[in-house]
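Below is one structure, written out as structure tokens, with a few remarks after it.
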Amino acid sequence: MSRSINLAVVPGDGIGQEVVAQGLKVLAAVLPQDVKLETKEYDLGAQRWHRTGETLPDAELDSLKNHDAILLGAIGDPSVPSGVLERGLLLKLRFAFDHYVNLRPSKLFPNTATPLAGRPDIDFVVVREGTEGPYTGNGGSLRTGTPAEVATEVSLNTAYGVERVVRDAYERADSRPRKKLTLVHKNNVLVYAGHMWKNIFDRVGQEYPEVTTDYLHVDAATIFFVTQPERFDVIVTDNLFGDILTDLAAAVTGGIGLAASGNINPTGEFPSMFEPVHGSAPDIAGQGKADPTATILSVALLLRHLGHEHEAVRIEEAVAADLAERAPGTTRTTDEIGDALAVRVAS
Ligand code: ATP
Ligand code: MG
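Take 1 as the starting number for the sequence shown in the UniProt record's numbering and just add one per residue.
Structure follows, in structure tokens:
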């Protein structure tokens, strides 16, 4: 556990600015006096691109490397062509800092708007592969824009890449009370990548005799996320399946306003990055309507990653208590929710 945190802050676009301010408020409130917090803000995202044409210059990439962790709000705006910021900034960061574990916990908090309210404990975590699959930009298009166009988007899977994320998922499953790990893929159709994932999953599993394992095709997994979510503990899956499954998980366990995530480099060679699952939500930006809870829970993941387990739990308990006591039918501003949680974690 570090006695100082040197944090890079990338508020980004739209509601990113608003929710990150609340995340920092709660972070400052929860840290003990003797932990020194230093923050440096980075101006990255749509405005920067409009001004300078830059997405993530090398100088800033180098500078980001020097931080213990990165807190990101949201990147993206309809005024920027699709893909420019996703590839030029978000994916560039993920690849440069080798964020091969994309961690997305799903927990059913009390008193939340969800079709699953009242279910027994839903508390699972998706470990999504972060650097391979169809996200590597490996593909192309021939005769673009013509009726004879052909486009490919290759899914890249390496034994090295699959083994390290599978191993991370086993470690996480082994450290949780239920010790259950489910592999999600589609190995009846995607036979090359699917069989490699399954073989590596089975082989690494021999080193974790206490972990119970299961395999589901991704289509079946979407059914069980809704009908039997309590059957899941830790899930490991590829980059694209993980992207889709975690939005579904967020929707069924309390909404996008609560879903936190971490882009993790488990070796510690590079800083890990924590961000809400949601995007910049231009439709509600600047109105004080955004729920900052997902960002505040991402701060909890950040603290846990840096060894501040006690403070991470304080934030998670504060969120659970805050939601439990929330008066039904009332709405609170972004600031009000941030203030309420800052007060709770400090007391
Ligand atoms: P991206 O491509 O960046 O993931 P998206 O198209 O998935 O973006 P979001 O920005 O996540 O879209 O927004 C989807 C919907 O959820 C919008 O209607 C938005 O207003 C709402 N939303 C997103 N985040 C929040 C939040 N923190 N609080 C309240 N509503 C939110
Ligand atoms: Mg989205």
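Just so you know, even glycine gets a beta-carbon here, dropped at the ideal spot from N, CA and C.
One or two residues paired with residue i in a DSSP bridge
| i | result |
| --- | --- |
| residue 139 | 153 |
| residue 72 | 10 |
Limits of the alpha helix (DSSP H) - the one that residue i falls within
| i | result |
| --- | --- |
| residue 161 | 159-174 |
| residue 274 | Segment 272-276 is the beta strand (DSSP E) holding residue 274; no alpha helix (DSSP H) there. |
| residue 25 | 15-30 |
Beta-carbon proximity check, residue i vs residue j, cutoff 9 angstroms
| i | j | result |
| --- | --- | --- |
| residue 70 | residue 273 | yes |
| residue 184 | residue 159 | no |
| residue 349 | residue 259 | No information on residue 349 is available, as it lies outside the stretch 1 to 347 that the chain covers here. |
| residue 297 | residue 316 | yes |
| residue 337 | residue 292 | yes |
| residue 126 | residue 165 | no |
| residue 262 | residue 305 | yes |
| residue 113 | residue 255 | yes |
| residue 161 | residue 131 | yes |
Residue-level contact to chain C via CB, residue i, 9 angstroms cutoff
| i | result |
| --- | --- |
| residue 56 | Here there is only one protein chain, and chain C is not present. |
Inter-residue Cα distance where the pair is residue i and residue j
| i | j | result |
| --- | --- | --- |
| residue 308 | residue 213 | 30 angstroms |
| residue 347 | residue 26 | 12 angstroms |
| residue 365 | residue 247 | With the chain covering 1 to 347 only, the question about residue 365 has no answer from this structure. |
| residue 153 | residue 82 | 16 angstroms |
| residue 134 | residue 32 | 42 angstroms |
| residue 285 | residue 15 | 5 angstroms |
| residue 139 | residue 155 | 9 angstroms |
| residue 282 | residue 17 | 12 angstroms |
| residue 311 | residue 345 | 8 angstroms |
| residue 376 | residue 314 | The requested residue 376 does not occur in the structure, where the chain is confined to residues 1 to 347. |
| residue 201 | residue 224 | 21 angstroms |
Own chain partners of residue i with C-beta closer than 7 angstroms, once the 5 adjacent residues on each side are dropped
| i | result |
| --- | --- |
| residue 319 | 109, 293, 296, 297 and 341 |
| residue 105 | 125 and 260 |
Own chain residues within Cβ distance below 8 angstroms of residue i, not counting five before or after
| i | result |
| --- | --- |
| residue 143 | 149 and 150 |
| residue 211 | 170, 173, 174, 179, 180, 181 and 205 |
| residue 116 | 108, 122, 226, 229, 252 and 253 |
| residue 3 | 34, 35 and 36 |
Proximal residues to residue i (C-beta, below 6 angstroms), its chain only, five neighbours per side dropped
| i | result |
| --- | --- |
| residue 45 | 12, 13 and 75 |
| residue 178 | 233 |
For residue i, the first and last residue of its enclosing beta strand (DSSP E)
| i | result |
| --- | --- |
| residue 296 | Counting along the chain, residue 296 falls outside any beta strand (DSSP E), though it belongs to the alpha helix (DSSP H) covering 293-305. |
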